[in-house]
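Student: Submitted below is the structure of interest, expressed as structure tokens.
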Amino acid sequence: MKAAITVFPGTNRERDMADALERASGTRPTMVWHGERDLSGYDLIVVPGGFSYGDYLRCGAMAGNSPILRAVKEQADRGVTVLGVCNGFQILTETGLLPGVLLRNAGLKFICKMTHIRCEKSAAPFTGKLTQGQVSRVAVAHNEGNYYADDETLDMLEGEGRVVFRYCDDRGNVSDATNLNGSQRNIAGIVNKRGNVLGMMPHPENAIDPMAGGTEGLPIFQSLATAILA
Amino acid sequence: MKANVTVTLKRGVLDPQGKAIGHALEGLGFDGIGEVRQGKLIEVELAETDRAKAEAALDEMCRKLLANTVIEDYRIEIAE
Chain P
0 MKAAITVFPG TNRERDMADA LERASGTRPT MVWHGERDLS GYDLIVVPGG
50 FSYGDYLRCG AMAGNSPILR AVKEQADRGV TVLGVCNGFQ ILTETGLLPG
100 VLLRNAGLKF ICKMTHIRCE KSAAPFTGKL TQGQVSRVAV AHNEGNYYAD
150 DETLDMLEGE GRVVFRYCDD RGNVSDATNL NGSQRNIAGI VNKRGNVLGM
200 MPHPENAIDP MAGGTEGLPI FQSLATAILA
Chain L
0 MKANVTVTLK RGVLDPQGKA IGHALEGLGF DGIGEVRQGK LIEVELAETD
50 RAKAEAALDE MCRKLLANTV IEDYRIEIAE
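Chains as they are written, first to last, in numbering that gives the first Met the number 0: chain P, 0 to 229; chain L, 0 to 79.
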């Protein structure tokens, strides 16, 4: 699996992401600096978390309009698999690769804690190794994770089975009480229409090691490795 | 030419910062505070001298970068 991880000034989760991908696939991904304009030849492109360009203007707005994102968009349009986590999710919404936007958390606080997400759809390439309804314990760390889209868009996402993860409790119950940041319909992750671009706020890359945070994030990377190596 | 671009959240989009500011104003003893909503002001200097062209360019800037039209409205005012 030939994977690229985009790196902007302010990105800070790229090494965790590289470790996760290497653990699942056996191959170390390539770090690609934001000035690069060509991303051809990769099977997977990951836009990791952090604070790209200091979150100036809006989270992800600067990165979303940078040259490397035009290259990401080009590859996504060709069917290359693209994963955006946390700030990466914000960036993918700003580019228009994914609908909606991530607003400031409803409680106005930066949230850094372990939480649970429920897999709503088991499908390659992102969640083939998860079963529908499976609950994973993963970390979130964000100030703007409050997923917002208008009702029409939300109904479309639900109707097309594009809501992939929702915030839930340890038993998989989805309710207002488990909606830690105020996201519409508890949405934690969605895919594009074609199914090759996933954005999610939680950090599966920080749950790959039994010594640090558990391993419940690993199946996502194993899914990617299986889908792309197959 | 100078322009002021005001970007605000659309009606109906929850503005928790605006709400917090409203509560803080009430806490300071200001009575009769209704809804408070927060936005941002972006000042742009332009070399363009034609007003209509400047407005058209600013409109494009807003749509492409300055505002996220999924959640935000924008208003352009040519200052001078």
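Just so you know, even glycine gets a beta-carbon here, dropped at the ideal spot from N, CA and C.
From this set, L:63, L:0, L:57 and L:12, which residue's C-alpha is nearest residue 150 (chain P)'s C-alpha?
Tutor: Ranking L:63, L:0, L:57 and L:12 by Cα distance to residue 150 (chain P) puts L:12 first.
Student: Examine chain A for any beta-carbon lying closer than 8 Å to the beta-carbon of residue 187 (chain P), and answer yes or no.
Tutor: Absent from the structure: chain A. Protein chains present are P and L.
Student: Since residue 215 (chain P) and residue 136 (chain P) are thought to touch, with beta carbons under 8 Å apart, how far apart are those beta carbons, to the nearest angstrom?
Tutor: The Cβ separation is near 5 Å, so the contact holds.
Student: Counting Cβ pairs closer than 8 Å, one from the stretch 106–119 of chain P and one from the stretch 138–158 of chain P, do we hit at least three?
Tutor: Segments in contact, yes.
Student: Identify each residue in the stretch 152–168 of chain P for which the Cβ-Cβ distance to at least one residue of chain L is less than 7 Å, and report them in chain order.
Tutor: The stretch 152–168 of chain P vs chain L, Cβ under 7 Å: nothing.
Student: Is it true that the CB of residue 86 (chain P) sits closer than 8 Å to the CB of residue 125 (chain P)?
Tutor: The answer is no: Cβ separation not under 8 Å.
Student: Do residue 180 (chain P) and residue 145 (chain P) have their beta-carbon atoms positioned less than 8 Å apart in this structure?
Tutor: Yes, Cβ-Cβ distance for residue 145 (chain P) and residue 180 (chain P) is below 8 Å.
Student: Taking Cβ to Cβ, would you say residue 71 (chain P) is nearer than 8 Å to residue 69 (chain L)?
Tutor: Taking 8 Å as the Cβ cut-off, residue 71 (chain P) and residue 69 (chain L) do not qualify as a contacting pair.
Student: Cα separation between residue 0 (chain P) and residue 74 (chain P)?
Tutor: So the two alpha carbons sit approximately 16 Å from each other.
Student: If you follow the alpha helix (DSSP H) that residue 71 (chain P) is part of, which residue opens it and which one closes it?
Tutor: Here the alpha helix (DSSP H) through residue 71 (chain P) covers 66–76.
Student: Starting from residue 19 (chain L), find everything on chain P with Cβ-Cβ shorter than 8 Å and list it in chain order.
Tutor: 107, listed in chain order.
Student: Who does residue 162 (chain P) pair with in a DSSP beta bridge?
Tutor: Note: residue 162 (chain P) sits in a beta bridge opposite P:189.
Student: Report the option in P:69, P:61 and P:160 whose CA atom is closest to the CA atom of residue 9 (chain P).
Tutor: If we check each option's Cα against that of residue 9 (chain P), P:61 comes out closest.
Student: Would the beta-carbon of residue 196 (chain P) fall within 8 Å of that of residue 91 (chain P)?
Tutor: In this structure, residue 91 (chain P) lies closer than 8 Å to residue 196 (chain P) by Cβ.
Student: Indicate whether the contact test is met: 3 or more Cβ pairs, each with one atom in the stretch 147–167 of chain P and one in the stretch 21–39 of chain L, closer than 8 Å.
Tutor: Result no; under three Cβ-Cβ pairs closer than 8 Å.
Student: State the start and end residues of the unbroken beta strand (DSSP E) segment that holds residue 199 (chain P).
Tutor: It spans 196–199 - the beta strand (DSSP E) in which residue 199 (chain P) sits, taken as one unbroken run.
Student: How would you label residue 94 (chain P), buried or exposed, when you count the other beta carbons within 10 angstroms and need 16 or more for buried?
Tutor: Looking at its Cβ environment, which holds 16 or more other Cβ atoms inside 10 Å, residue 94 (chain P) is buried.
Student: Which value, in whole angstroms, describes the spacing of the CA atoms of residue 72 (chain L) and residue 120 (chain P)?
Tutor: Spanning the two alpha carbons is a distance of roughly 34 Å.
Student: Which whole-angstrom value is the C-beta distance of residue 222 (chain P) and residue 123 (chain P), which I expect to be below 8 Å?
Tutor: About 7 Å; that satisfies the 8 Å criterion.
Student: Curious, which full-length alpha helix (DSSP H) runs of at least 4 residues does the stretch 76–101 of chain P contain?
Tutor: You should have 86–94.
Student: Per DSSP, what are the beta-bridge partners of residue 121 (chain P) in this structure?
Tutor: DSSP lists no partner for residue 121 (chain P).
Student: Does residue 93 (chain P) have its Cβ less than 8 Å from a Cβ in chain L?
Tutor: Interface residue, yes.
Student: What are the residues of the stretch 44–55 of chain P that lie near chain L, defined by any Cβ-Cβ distance shorter than 7 Å?
Tutor: Residues passing the 7 Å Cβ filter: none.
Student: Within the continuous alpha helix (DSSP H) that includes residue 143 (chain P), where are the two ends?
Tutor: Note, residue 143 (chain P): premise wrong, no alpha helix (DSSP H); not H, not E.
Student: Using a C-beta cutoff of 8 Å, does residue 70 (chain L) count as contacting chain P?
Tutor: Taking Cβ atoms only, chain P reaches closer than 8 Å to residue 70 (chain L), which makes this a yes.
Student: Using a Cβ cut-off of 8 Å, pull out every chain L residue sitting near residue 64 (chain P), in sequence order please.
Tutor: Within chain L, the residues near residue 64 (chain P) are 63 and 64.
Student: Just mark residue 63 (chain P) as buried or exposed, buried being the case when its beta carbon has 16 or more other beta carbons within 10 Å.
Tutor: Looking at its Cβ environment, which holds 16 or more other Cβ atoms inside 10 Å, residue 63 (chain P) is buried.
Student: Against residue 67 (chain L), what residues of chain P qualify as contacts under a CB-to-CB distance less than 8 Å, listed in chain order?
Tutor: Here the neighbours are 57, 60, 93 and 100.
Student: What would DSSP say about residue 49 (chain P), mapped onto helix, strand or coil?
Tutor: Note: residue 49 (chain P) maps to strand in three-state DSSP.
Student: Alpha carbon to alpha carbon, what distance is there between residue 29 (chain L) and residue 17 (chain P)?
Tutor: Cα to Cα, the separation comes out at about 53 Å.
Student: What do you reckon, are the CB atoms on residue 161 (chain P) and residue 190 (chain P) nearer than 8 Å?
Tutor: A contact, by the Cβ cut-off of 8 Å.
Student: Pull up the distance between the alpha-carbon of residue 17 (chain L) and that of residue 43 (chain L), whole angstroms please.
Tutor: Looking at the two C-alpha atoms, the distance is approximately 25 Å.
Student: Residue 26 (chain L) lies in the alpha helix (DSSP H); which residues open and close that run?
Tutor: Segment 15–26, the alpha helix (DSSP H) holding residue 26 (chain L).
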